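Asker:
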Amino acid sequence: MYECKKQDEKLMVAFSGRLDSLACAKIQDSLLEKIEEAKLPVVFDFKNVDYVTSAFIRICITVYKLIGKENLTCVRMNSPEVKEVFKLSRLDHYIQMDSEMDSFMHG
């Protein structure tokens, strides 16, 4: 589902698989707890994600409100479907997006 690690003064959260309603219900509380405890900017990595639902969009909005726009970045959205969900929800206007991890981490 997801894996967290601290790297370069950021909390990296790598998701995998399908982020549907059932998966989001399982991860939401623990994910938010880790983000609150870390007190660091957060990077959501979607490299291995092929599907998201509105349940995950709700998690993104919660994190956005919790830590602020400047502290949340989404990277490596390789799936056109995932990109489309973010565009349709207009989150791409509120959350920083970067196509590559390297340019974000070292740019």
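Under our numbering, residue 215 is the last one in the sequence shown; the count climbs by one each step, no gaps. We put the beta carbon where it would ideally sit given N, CA and C, even for glycine. A quick note: this is a predicted structure, and the numbers were derived from the prediction, not measured.
1) Around the Cβ of residue 198, are there at least 16 other Cβ atoms within 10 angstroms (buried) or fewer (exposed)?
2) With DSSP collapsed to three states, give me the class of residue 211.
3) Is it the case that the Cβ atoms of residue 174 and residue 148 are separated by a distance below 8 Å?
4) Quick check on residue 116: buried or exposed, where buried means 16 or more other Cβ atoms within 10 Å of its Cβ?
5) Select from 202, 126, 128, 153 the residue whose C-alpha is nearest the C-alpha of residue 113.
6) Which residue wins for smallest C-alpha separation from residue 190, given the options 206, 163, 171, 158?
7) Under 8 Å Cβ to Cβ from residue 133, same chain only, skipping five residues before and after it: list those, please.
8) Give the secondary structure of residue 178 by DSSP, where H, G and I count as helix, E and B as strand, and everything else as coil.
9) Compute the beta-carbon to beta-carbon distance between residue 109 and residue 124, rounded to the nearest angstrom, for a pair I have assumed lies under 8 Å.
10) In this structure, how does DSSP classify residue 200 when only helix, strand and coil are distinguished?
11) Any idea if residue 139 is buried or exposed, counting beta-carbon neighbours within 10 angstroms, 16 or more meaning buried?
Answerer: With the given structure in hand:
1) Residue burial annotation: residue 198 is exposed, with fewer than 16 other C-beta atoms found within 10 angstroms of its C-beta.
2) The pLDDT assigned to residue 211 is 48, lower than 50, so where the model puts this residue is not dependable, and the model offers no usable value.
3) For residue 174 and residue 148, no; Cβs fall outside 8 Å.
4) It is exposed - the Cβ of residue 116 has fewer than 16 other Cβ atoms within 10 Å.
5) Considering only 202, 126, 128, 153, the residue with the shortest C-alpha distance to residue 113 is 153.
6) The shortest C-alpha to C-alpha distance from residue 190 to any of 206, 163, 171, 158 is the one to 158.
7) Once the five neighbours on either side are set aside, the close Cβ partners of residue 133 are 163.
8) Residue state, collapsed to three classes: helix.
9) About 7 Å separates the beta carbons of residue 109 and residue 124, which is inside the 8 Å limit, making them a contact pair.
10) Annotated three-state conformation of residue 200 is helix, per DSSP.
11) By the neighbour-count criterion, in which 16 or more other beta carbons inside 10 Å mark a residue as buried, residue 139 falls on the buried side.
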